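Notes to accompany the following structure.
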Amino acid sequence: MTELLSVRGLRVDFVTDGGVAQVLDGINLDVARGEVVGLVGESGCGKTTLARAILGVLPATAARIRGGEVWFKGADLLREEAAVVNDRVRGRAITFIPQDPYGSFSPVFPVQTQIMDVMKWKSPRASIGRARPSPFSRYPRERWRADREAVLETLRAVQIPEPARALRRLPHEFSGGQRQRLMIAMALLPQPDLIIADEPTTALDVTIQAQILRLLRTLVKERGVSVLFTTHDLGTAHEICDRVVVMYAGQEMEAAPADAFFARPAHPYTRRLLASVPSPDGEIRDIPGEVPSLVNPPSGCRFHPRCEYATAECSAGRPPLRALAPRHGVRCHHPVDAPVGAEP
Amino acid sequence: MKTVGFVLTRLARDRSALFGLVLIAALLVTALLAPILATHPEDVFELHPAERLRGPSAAHWLGTDRMGADVYSRLLFGARITILIGVIAVGASLMVGVPVGLVAGYYHGWLSDALMRVSDVFLAVPQVVLAIAIAQTLGPSLPNVILALSATYWPWFARVVYAETRALQKEVFVESTAALGASPWRLTVLHVLPNIASPIIVRASIGMGFTILTAAALGFLGLGPPPPTPEWGRTIAESREFLPDAWWYATAPGLAIFLTVMGFNLLGDGLRDVLDPRLRRARIARDD
Chain A
9 MTELLSVRGL
19 RVDFVTDGGV
29 AQVLDGINLD
39 VARGEVVGLV
49 GESGCGKTTL
59 ARAILGVLPA
69 TAARIRGGEV
79 WFKGADLLRE
89 EAAVVNDRVR
99 GRAITFIPQD
109 PYGSFSPVFP
119 VQTQIMDVMK
129 WKSPRASIGR
139 ARPSPFSRYP
149 RERWRADREA
159 VLETLRAVQI
169 PEPARALRRL
179 PHEFSGGQRQ
189 RLMIAMALLP
199 QPDLIIADEP
209 TTALDVTIQA
219 QILRLLRTLV
229 KERGVSVLFT
239 THDLGTAHEI
249 CDRVVVMYAG
259 QEMEAAPADA
269 FFARPAHPYT
279 RRLLASVPSP
289 DGEIRDIPGE
299 VPSLVNPPSG
309 CRFHPRCEYA
319 TAECSAGRPP
329 LRALAPRHGV
339 RCHHPVDAPV
349 GAEP
Chain B
-10 MKTVGFVLTR
0 LARDRSALFG
10 LVLIAALLVT
20 ALLAPILATH
30 PEDVFELHPA
40 ERLRGPSAAH
50 WLGTDRMGAD
60 VYSRLLFGAR
70 ITILIGVIAV
80 GASLMVGVPV
90 GLVAGYYHGW
100 LSDALMRVSD
110 VFLAVPQVVL
120 AIAIAQTLGP
130 SLPNVILALS
140 ATYWPWFARV
150 VYAETRALQK
160 EVFVESTAAL
170 GASPWRLTVL
180 HVLPNIASPI
190 IVRASIGMGF
200 TILTAAALGF
210 LGLGPPPPTP
220 EWGRTIAESR
230 EFLPDAWWYA
240 TAPGLAIFLT
250 VMGFNLLGDG
260 LRDVLDPRLR
270 RARIARDD
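Taken in order, these protein sequences are the chains called A and B.
Going by the numbering used here, the letters in the first sequence line up with residues 9 to 352, in that order.
Going by the numbering used here, the letters in the second sequence line up with residues -10 to 277, in that order.
This is how it looks when you write it as C-alpha cells:
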C-alpha cells in the first residue's frame, strides 16, 4: 500500500512550569490512501499533540519540535516553507474536524457566511499560489455559485435537512450533532486527501455518536479520503477504523489492522487496555501503576514500569519494531502470541 | 438592518430599557429642535436683569436665572452641549480604546503588556480627579472638557476589548481561522470585532451617561465651557447661592442630568440583555 502520511521519529517537547515535558517521544505513524486509522490512547498520551503537529498548529509559545519528519505526499511538512504548507496543505489537502462542535463556529454569523468564507480560499476550485489572502479580494461570482452548489450537495450528504434554509441559520440554532455534521461537511468540501478528526464525537451522546461515525465512514470511503481519527474510546475505534495505532505516553506501542487489533493484540499494554474496558459483569480491571510523568519519563519503553513482562532490556532502550504480520507491527521485546483473553 | 429591527423589537419588550430609549430619544429631539421648542431662544446670550430670579410662570415655564434669562430655554440649548460632549468624548475613547484593546489582546508579549500597563495607570486614578487635573491644566473651554474626558475614558474600552479578545482567542473558530492563514488584521477586524461588538456597544451606552455626569461635574467646578454657555453643570453651580428660595433654578438642570444619565444606563443594561447572542436562543424559545 502507498503511504499518504508517514510520521517518522517525531519528538515534541512542551515547556511547562514543572519542567520540559517530552510529550511525543520518537513517534511513528503511517496512514495509507483511503485508510481510516484510529489513534488510540489514554487522555494525555499525546494524541492531540500528534494531530496538531501534523497540521502544523502546535501552540507556538510552549511547544518545541525536537526532531523527526512528517512526510505527506512526498514532502516533509516540518521542513516545507510555511506559506506553501498553509496554501496547499492545511485546510486543503489535510482538513480537520475539531472535538468541540460548540466553539467551532463564530456565534455571530450565519453558517453560510462562515462556510463560504472558508470556501473562498480553500475550495477545490480556488487557485493556489497566493502568499497571504487579502480581506478585500473578490470572490468571483461564478465560483461562488459553483461552491455554494457543492456546499448544498455536501450538506445533503451529511443529512442536514433543508440545506438552503439551514445555511441561513445561526450556529446556535443547530444541535450538537448537527453542528458536527456541518463540521464534517466543511472538512469534506475542499476535497482533501486526509482528514484529521480529533475525538469528533466525545462531546455528543452515544446514540448520535454511532450515527455520526457511520456517516463519516461511509462518506470517506465513497470519496477515497484517508482519516486519522484520535479517540480514547476503543468502541469508537472498533466502529470506524481499518487500522488502529496504540499510543502510550508519547510512544507508539502497536499498530495493527482493526480485526487483529481486537482479536490478537501482541503488546502487553494493548492487552491490558482492552481488558480494562468495563465488562457487563461489572468487573473493572485497571492497569496497575500510574501514568508516568512526561517531565521525567521512564527510559526505554515507557510502559516498562507497569509491565508484567518487563526485563532489563526494556529499560535499556526503545524496543525495535517487530513485524508480526503485514501491517501489524509491535514495539515490544516480549510480544504476546495469543488471542485476547487467553493469557499465557 | 434586520439586526437593528430585531434589537429594537427586543428592547421594546423590556420596560426599563424602553424607558431609557424614550428618555434618550427625548433628549435627542430636544437638542435637535431647541430653537423651535424654546420659548425665549435669544435668552441664551441676552440678559434681562429686571426679570431675574422669577419663579415658574406662563411666560417662564421653569422660571428665570440670576441674569433674568429663561431657565427652560437655556436648558434646551444645554442639551446640545451635553450630547456634543458625550458623543465626541465617547467616540474618541472608542477610536483609541478599541484598537488598543484589540492589539493588546491579540499579541502576547511586551507590546501587549506595555499597552495594558499604560491603561492601568489611567484607571488607577479616579476619572473625575484625572479629568479635573487635565481640564485645569488646559484651561476651561468646551474642547478641553472633551479632551479631558476622552483621555480618561478610553482605558475602559481598552480593558473590555482586551478581556473579550483574550477570551475569544481560546475559541476553536478563532484558532482555526488563524491556522487557515488569516492575517492578524483580518482575524481581529473581521472575526473578533463582530463577536465583541455587544460589550462595546453596551459599554458605550453606559459610558455616555458616565461621561455626561463627569462633564457636569467639571462644569460645576468651573472647568467647563465659560459663560454664557448654558452648560447644565455650570448652571447648578451658579444657582447654589440662591437656594433654597430660587428652587427651580437648580432643580431643572439637576433633573435633566439625572434623567439623561439614567436613560443611558437603562438603555445600556437593556442592550446587554438583547445583544448577547448566547441569550437569543433562550429568548426566542420563550417567545414561541
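A virtual CB, placed ideally from N, CA and C, is assigned to each residue, including glycine.
Owing to the predicted nature of the structure, the values given are computational and were not obtained by experimental measurement.
Distance CB(residue i)-CB(residue j) smaller than 8 Å
i: residue 127 of chain A; j: residue 155 of chain A; result: yes
i: residue 141 of chain B; j: residue 90 of chain B; result: no
i: residue 63 of chain B; j: residue 203 of chain B; result: no
i: residue 276 of chain A; j: residue 214 of chain A; result: no
i: residue 113 of chain B; j: residue 124 of chain B; result: no
i: residue 161 of chain B; j: residue 112 of chain A; result: yes
i: residue 45 of chain A; j: residue 267 of chain A; result: no
i: residue 258 of chain A; j: residue 62 of chain A; result: no
i: residue 26 of chain B; j: residue 252 of chain B; result: no
i: residue 237 of chain B; j: residue 67 of chain B; result: no
i: residue 270 of chain A; j: residue 246 of chain A; result: yes
i: residue 399 of chain A; j: residue 64 of chain A; result: In the structure as shown, chain A starts at 9 and stops at 352, and residue 399 of chain A therefore has no counterpart that could be examined.
i: residue 37 of chain A; j: residue 253 of chain A; result: yes
i: residue 188 of chain A; j: residue 212 of chain A; result: yes
i: residue 191 of chain B; j: residue 264 of chain B; result: yes
i: residue 55 of chain B; j: residue 227 of chain B; result: yes
i: residue 14 of chain B; j: residue 37 of chain B; result: no
i: residue 104 of chain B; j: residue 92 of chain B; result: yes
i: residue 146 of chain B; j: residue 87 of chain B; result: yes
i: residue 76 of chain A; j: residue 15 of chain A; result: yes
i: residue 280 of chain A; j: residue 297 of chain A; result: no
Backbone secondary structure at residue i - three-state DSSP
i: residue 282 of chain A; result: helix
i: residue 27 of chain A; result: strand
i: residue 42 of chain B; result: coil
i: residue 313 of chain A; result: helix
i: residue 68 of chain A; result: coil
i: residue 225 of chain A; result: helix
i: residue 28 of chain B; result: coil
i: residue 264 of chain A; result: strand
i: residue 259 of chain A; result: strand
i: residue 34 of chain A; result: strand
i: residue 104 of chain A; result: strand
i: residue 225 of chain B; result: helix
i: residue 156 of chain A; result: helix
i: residue 220 of chain A; result: helix
i: residue 234 of chain A; result: strand
i: residue 189 of chain A; result: helix
i: residue 22 of chain A; result: strand
i: residue 11 of chain A; result: strand
i: residue 53 of chain B; result: strand
i: residue 96 of chain A; result: helix
i: residue 295 of chain A; result: coil
i: residue 151 of chain A; result: helix
Buried versus exposed call for residue i [16 or more other C-beta atoms within 10 Å across all chains shown]
i: residue 307 of chain A; result: exposed
i: residue 22 of chain B; result: exposed
i: residue 287 of chain A; result: exposed
i: residue 12 of chain A; result: buried
i: residue 10 of chain A; result: exposed
i: residue 131 of chain A; result: buried
i: residue 298 of chain B; result: As displayed, chain B neither begins before -10 nor continues past 277, which places residue 298 of chain B out of reach and without an answer.
i: residue 123 of chain A; result: buried
i: residue 221 of chain B; result: buried
i: residue 23 of chain A; result: exposed
i: residue 204 of chain A; result: buried
i: residue 70 of chain A; result: exposed
Residue i Cβ short of 7 Å to the ligand GTP heavy atom set
i: residue 17 of chain B; result: You won't find the ligand GTP in this model; it holds no ligand whatsoever.
>> Can you confirm whether the region 88 to 104 of chain A touches the region 196 to 205 of chain A when touching is taken to mean that 3 or more C-beta pairs between the two stretches lie within less than 8 Å?
In response: Contact between the region 196 to 205 of chain A and the region 88 to 104 of chain A is present, because at least three Cβ pairs lie under 8 Å.
>> Whether or not the region 232 to 244 of chain B and the region 175 to 189 of chain B are in contact is what I'm after, with contact meaning three or more pairs of Cβ atoms, one per stretch, closer than 8 Å; do they touch?
In response: no
> What alpha helix (DSSP H) runs, 4 residues minimum, are completely inside the region 39 to 91 of chain A?
Replying inline: Taking only runs of at least 4 residues, the alpha helix (DSSP H) segments lying wholly in the region 39 to 91 of chain A are 55 to 63.
>> Three or more C-beta pairs under 8 Å: does that hold for the region 205 to 216 of chain B against the region 29 to 38 of chain B?
In response: Not touching, per the Cβ criterion.
> Taking one C-beta from the region 43 to 53 of chain B and one from the region 71 to 86 of chain B each time, how about it: are there three or more such pairs within less than 8 Å?
Replying inline: With contact defined as three or more Cβ pairs closer than 8 Å, the region 43 to 53 of chain B and the region 71 to 86 of chain B are not in contact.
> Taking contact to mean at least 3 C-beta pairs separated by less than 8 Å, is the region -5 to 12 of chain B in contact with the region 245 to 265 of chain B?
Replying inline: yes
> Can at least three beta-carbon pairs, one atom from the region 80 to 99 of chain A and one from the region 114 to 121 of chain A, be found at a separation below 8 Å?
Replying inline: No, they do not touch.
> What are the uninterrupted segments assigned as alpha helix (DSSP H) that are 4 or more residues long and contained completely in the region 62 to 143 of chain B, given in chain order?
Replying inline: 99 to 113 and 116 to 127
>> Does the structure place the region 25 to 43 of chain A close enough to the region 287 to 304 of chain A that three or more beta carbon pairs sit under 8 Å?
In response: yes
>> Under 8 Å, with one C-beta from each stretch per pair, do the region 325 to 345 of chain A and the region 269 to 283 of chain A reach the 3-pair mark?
In response: yes
> Taking any Cβ of chain C, which residues in the region 140 to 160 of chain B have a Cβ under 7 Å from it, in chain order?
Replying inline: Protein chains A and B are contained in the structure displayed, whereas chain C is not.
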